[in-house]
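Be aware that the sequence shown starts at 5, since it is given in my numbering, and climbs by one per residue.
Here's the structure we're looking at; comments come further down.
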Amino acid sequence: MMKLARSRAENWACLLLLAGLALWMVWPFPWQQGVPAPLHGLTELAPWQEARPADAPKAAVSGQDLLIQRYYPWCAQLRRAAQARELPLWNPTEGFGTPFLGLWRTRVFSPFSLPFYALPLPLPAAFSLSILLKLLVAGWAAYVAARRFAYAPPFAFLVAAAYQSSAPVLGLAAEPVADAMAWFPLAVFWGHAVLAGRPRAWVGLAGMLALTALGGSPETLGVMALFLLAVPAVRAARTRTLEGVWGGYLAVAGALLLAGMLAAVQWLPYLEYRGESVSSLNPSHGALRAADIAAFLLAPWRAAAEGTPPRAALFLHAGVPALVTALWFAVRRHTGRARRRWTETFWITSLLFGAVALLAGRLLESGHGMPLPRSEHFLLPWGFAWALLAVAALEEWVLLDAALCRGVFRRFLLWFTGACALFIGGGAAAVSVSGGRPGVVAAGAGVTAGVVFVLLLATAVRPSARLLGYGLGLAAAVGSMWALGPGLNFTPAAALYPETTFIAALREAGTRVGGTPSLRAWPLTVHGVPQVYASSGVALRRHAAFMGAAEKDPAVMRRGAVGALLLTRQDVQGPYAGLRPELNIQEVFPSGAILLRDLSARPRARMIYAGKKVGAFSPEALVAGSLPQIEGEELPEKDAGPAAAAEIVQPERNNRVVVRVAQTRPGVLVLADAFYPGWRVLVDGAPGRLVPVDGLFRGVPLGEGAHEVVFEYRPLSIFTGLIVSLAGFALLLLLLLLPHRRA
5 MMKLARSRAE
15 NWACLLLLAG
25 LALWMVWPFP
35 WQQGVPAPLH
45 GLTELAPWQE
55 ARPADAPKAA
65 VSGQDLLIQR
75 YYPWCAQLRR
85 AAQARELPLW
95 NPTEGFGTPF
105 LGLWRTRVFS
115 PFSLPFYALP
125 LPLPAAFSLS
135 ILLKLLVAGW
145 AAYVAARRFA
155 YAPPFAFLVA
165 AAYQSSAPVL
175 GLAAEPVADA
185 MAWFPLAVFW
195 GHAVLAGRPR
205 AWVGLAGMLA
215 LTALGGSPET
225 LGVMALFLLA
235 VPAVRAARTR
245 TLEGVWGGYL
255 AVAGALLLAG
265 MLAAVQWLPY
275 LEYRGESVSS
285 LNPSHGALRA
295 ADIAAFLLAP
305 WRAAAEGTPP
315 RAALFLHAGV
325 PALVTALWFA
335 VRRHTGRARR
345 RWTETFWITS
355 LLFGAVALLA
365 GRLLESGHGM
375 PLPRSEHFLL
385 PWGFAWALLA
395 VAALEEWVLL
405 DAALCRGVFR
415 RFLLWFTGAC
425 ALFIGGGAAA
435 VSVSGGRPGV
445 VAAGAGVTAG
455 VVFVLLLATA
465 VRPSARLLGY
475 GLGLAAAVGS
485 MWALGPGLNF
495 TPAAALYPET
505 TFIAALREAG
515 TRVGGTPSLR
525 AWPLTVHGVP
535 QVYASSGVAL
545 RRHAAFMGAA
555 EKDPAVMRRG
565 AVGALLLTRQ
575 DVQGPYAGLR
585 PELNIQEVFP
595 SGAILLRDLS
605 ARPRARMIYA
615 GKKVGAFSPE
625 ALVAGSLPQI
635 EGEELPEKDA
645 GPAAAAEIVQ
655 PERNNRVVVR
665 VAQTRPGVLV
675 LADAFYPGWR
685 VLVDGAPGRL
695 VPVDGLFRGV
705 PLGEGAHEVV
715 FEYRPLSIFT
725 GLIVSLAGFA
735 LLLLLLLLPH
745 RRA
């Protein structure tokens with residue numbers, strides 16, 4: 005009884021220690037306002053440059069900074085929707101309006117998005133709390149999984165600390181991959197239980213896969229499914245028997261099916277979005293090179309000569325568990341057969357996935373326009389696999405008698421020395437050749453190797469699971485923090501999308517902003533400023549066609565209610581020269597950008613009485629002065645009469661727009677927002693008909709009289725997905741509550 009109580013107390017102590025490590029990783033939050041994520045590059049963009057301190061070093065910013073352009077702005081949209089007490093289905097501020105829930109990466113249903121919904125916190129605090137929750141869950145999930153694999157608390161702590169501080173979790177804590185990978189250890193445990201023949205283990209696996217799917221990273225979900233399908237094949241190859249393999253595959257297939265039902269509310273709207281969008285290239289984070297293998301033990305961030313190392317190199321870094329693994333090859337013969345088979349099966353599968361990342365990296369990074377896995381995704385199981393192999397070795401090490409210990413230690417020295425010479429010495433040489441900093445990274449890896457050696461030597465004299473587990477666990481966390489340090493910057497609140505005079509001028513304009521192509525990289529939507537481009541990279545097919553016509557003839561943009569233009573001097577003298585007589589300069593910014601008001605921009609809601617009926621939108625025919633192209637509605641080609649007034653009723657909502665039209669002749673009401681499946685219209689309370697106008701905008705045929713027109717976003721894909729998800733949840737509860745016999 006006392007032993008059980010001590011074990012429980014140690015479990016709670018380990019969980020508290022992991023919570024302390026998570027708080028250390030997000031320091032100085034919550035004591036200082038800001039976010040534990042690298043957003044410093046924002047002040048290099050023109051709208052926020054004036055907020056950059058004069059003595060601040062120039063921060064690196066690329067045209068594809070996803071944290072600045074996508075993830076933080078999406079969190080801001082979640083927060084706005086929560087404050088408005090709306091479901092975050094539609095984002096009206098990007099690109100004439102874009103689907104929000106359907107993007108998947110917006111993580112609307114991720115458990116780690118709860119701080120944006122449930123707590124009355126400022127956006128930076130909610131963002132930071134979300135990161136902290138991911139670190140906590142990842143560490144605790146890894147600890148629980150290791151304990152369920154029958155490892156003692158100290159060794160389970162080592163697994164948890166190493167996983168919690170790994171690149172997919174800590175290094176990318178603000179990105180969707182961390183939302184998904186927080187559940188990976190428990191998915192591995194349930195996957196192992198499936199192969200072991202445990203009844204209904206597939207139900208637990210389905211739950212973990214569903215949580216992974218809601219994390220917003222379809223690539224991570226795909227690799228996790230591939231990994232779970234590969235493990236039985238690797239085990240069959242090792243054991244030379246197919247016993248349990250087909251049953252395992254059947255259980256994994258059932259888990260994937262149930263997980264698909266549970267997450268249908270997310271992936272069905274995503275399929276709809278894919279059908280309406282243009283295939284766009286996902287940004288490449290770089291393919292692995294042969295020299296990047298040095299990142300296995302060396303810190304890739306600190307070894308890079310300049311810029312950012314390939315993301316896959318960050319995932320390749322294994323640190324302390326990799327050094328401890330040298331002990332595995334020394335004690336392997338003394339390990340129990342079942343433990344050895346399972347541990348090596350998992351490890352070999354991760355090695356095979358690593359080989360895919362190394363050998364097929366260029367193909368994976370070539371750009372395919374689909375959410376298919378990249379190099380780094382095939383390295384997602386890497387860190388957890390090395391940690392499990394390390395603790396399997398340590399568990400045997402502390403149980404060896406004195407006679408066996410000496411022989412094992414000699415073999416360990418051979419493996420350990422070889423690994424250090426190859427990956428530290430050889431890696432430092434490779435870093436030197438590539439122009440990096442070999443001394444710094446070699447010294448850091450040398451210190452880590454020294455800590456591992458000293459702890460193993462000490463426990464050779466006096467075995468202690470606690471000294472090994474807790475000592476190496478803390479060393480793993482410190483080593484990972486040092487290795488990932490240059491990419492783990494804390495951004496103070498003052499540098500988080502500050503309200504500059506540039507932003508204030510755009511707010512004051514009170515209209516949709518268009519103009520210079522640089523707008524594509526400016527996430528103005530964080531401030532609620534509507535813009536014609538989507539900085540998040542959302543590319544709807546209709547939007548792309550309209551913008552293609554507008555680039556050839558900028559006057560076309562007036563049809564989209566673009567009343568404010570941000571232009572450079574070259575823009576004013578170049579493509580916008582023909583519009584100059586009708587442009588009114590509002591402000592000239594220090595960056596060289598000029599804010600102009602277009603006096604001829606059309607209202608966002610307006611009545612038209614003349615148009616051209618078309619079967620499909622023709623961008624080539626859309627030029628200044630051309631008739632509006634109306635798909636499926638007939639209007640006269642000439643009309644010189646006055647247009648009735650159309651007014652958008654305030655306050656406007658994300659998923660609902662109300663327009664009041666004064667006494668009018670028969671015509672078409674045009675709302676210059678994106679036409680997209682799921683938008684429905686009510687005319688005076690009765691269902692109306694939506695037709696595309698000029699390819700992109702929403703049109704509603706109206707009869708004579710005054711009307712109230714209500715546009716509502718109620719996509720069938722979300723409703724259907726919700727029904728399927730509820731059915732999946734009911735099935736999950738039924739499977740969990742049904743009595744079953746023990747094997």
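Quick reminder that beta carbons are idealized off the backbone N, C-alpha and C, glycines included.
Source: prediction; values computed, not measured.
Alpha carbon of residue i to alpha carbon of residue j, nearest angstrom
i: L125; j: S117; result: 13 Å
i: V536; j: W390; result: 47 Å
i: R152; j: E656; result: 52 Å
i: R563; j: K616; result: 15 Å
i: V437; j: A295; result: 9 Å
i: A650; j: G709; result: 12 Å
i: T312; j: S630; result: 48 Å
i: G24; j: C18; result: 10 Å
i: A553; j: A628; result: 10 Å
i: A513; j: L738; result: 56 Å
i: R341; j: A229; result: 27 Å
i: A446; j: A432; result: 6 Å
i: G414; j: A303; result: Going by the sequence as given, residue 414 is Arg instead of Gly. Near 28 Å, if we compare the C-alpha coordinates of A303 and R414.
i: A644; j: M611; result: 13 Å
i: F382; j: G358; result: 6 Å
i: A747; j: A255; result: For A747, the pLDDT reaches just 45, beneath the cut-off of 50, and the residue's location in the model is therefore unreliable, although a value from the coordinates is still provided. Their Cα atoms are separated by approximately 16 Å.
i: Y501; j: A55; result: 9 Å
i: P757; j: G671; result: Because the chain spans 5 through 747 in this model, residue 757 falls outside it and cannot be assessed.
i: C79; j: T110; result: 8 Å
i: R336; j: G387; result: 20 Å
i: A434; j: W419; result: 21 Å
i: P96; j: V566; result: 14 Å
i: V65; j: G682; result: Note on V65: pLDDT 48, under 50, position unreliable in the model; no value is reported.
i: R754; j: F319; result: One cannot answer for residue 754 here, as it falls past the ends of the chain, which runs 5 to 747.
i: L176; j: L82; result: 20 Å
Residues bridged to residue i (per DSSP)
i: A690; result: V687
i: M212; result: Note: M212 sits in no beta bridge, so no partner.
i: Y717; result: W683
i: E651; result: R664
i: D602; result: L587
i: T102; result: N95
i: L528; result: Answer is none; L528 lacks a bridge partner.
i: F3; result: Residue coverage of the chain in this structure runs from 5 to 747, which leaves residue 3 outside it and unanswerable.
i: K617; result: I634
i: S281; result: L544
Beta-carbon contacts of residue i that lie in its chain and below 7 Å, excluding the five residues immediately before and after
i: N2; result: Here the chain has residues from 5 to 747 only, and residue 2 is not among them.
i: L218; result: F113, S114, A267, Q270
i: T243; result: R345
i: A263; result: A210, L213, A214, A217
i: A749; result: Nothing in the structure corresponds to residue 749, since the chain is present only between 5 and 747.
i: E14; result: P157
i: A549; result: F621, P623, G699
i: T724; result: L272
Other residues of its chain near residue i: CB distance less than 6 Å, five sequence neighbours each side excluded
i: P325; result: A166, W390, A391, A394
i: I598; result: L571, V592
i: V39; result: P128, F131, S132, T495
i: P490; result: W305
Other residues of its chain near residue i: CB distance less than 8 Å, five sequence neighbours each side excluded
i: W187; result: V141, A145, M212, L215, T216, G219
i: L398; result: F159, L162, V328, L331, A469, L472, G473, L476
i: A234; result: T353, L356, F357
i: V207; result: A259, L262, L736, L739, L740
*Any contact of the region 347–361 with the region 238–253, i.e. 3+ C-beta pairs under 8 Å?*
yes
*What beta strand (DSSP E) runs, 3 residues minimum, are completely inside the region 438–522?*
517–519
*Are at least three pairs of beta-carbons, each pair with one atom in the region 417–426 and one in the region 498–508, less than 8 Å apart?*
no
*Determine contact between the region 265–277 and the region 713–729, defined as no fewer than three beta-carbon pairs at a distance below 8 Å.*
yes
*asked:* Would the region 469–482 count as touching the region 33–52 if we require 3 or more Cβ pairs under 8 Å?
replied: no
*Which residue spans inside the region 195–262 form an unbroken alpha helix (DSSP H) run of at least 4?*
205–218, 222–243
*Inside the region 284–365 only - alpha helix (DSSP H) runs reaching at least 4 residues*: 304–307, 315–320, 324–335, 341–363
*For the region 16–65, list the beta strand (DSSP E) runs that are entirely contained and at least 3 residues long, ordered along the chain.*
none
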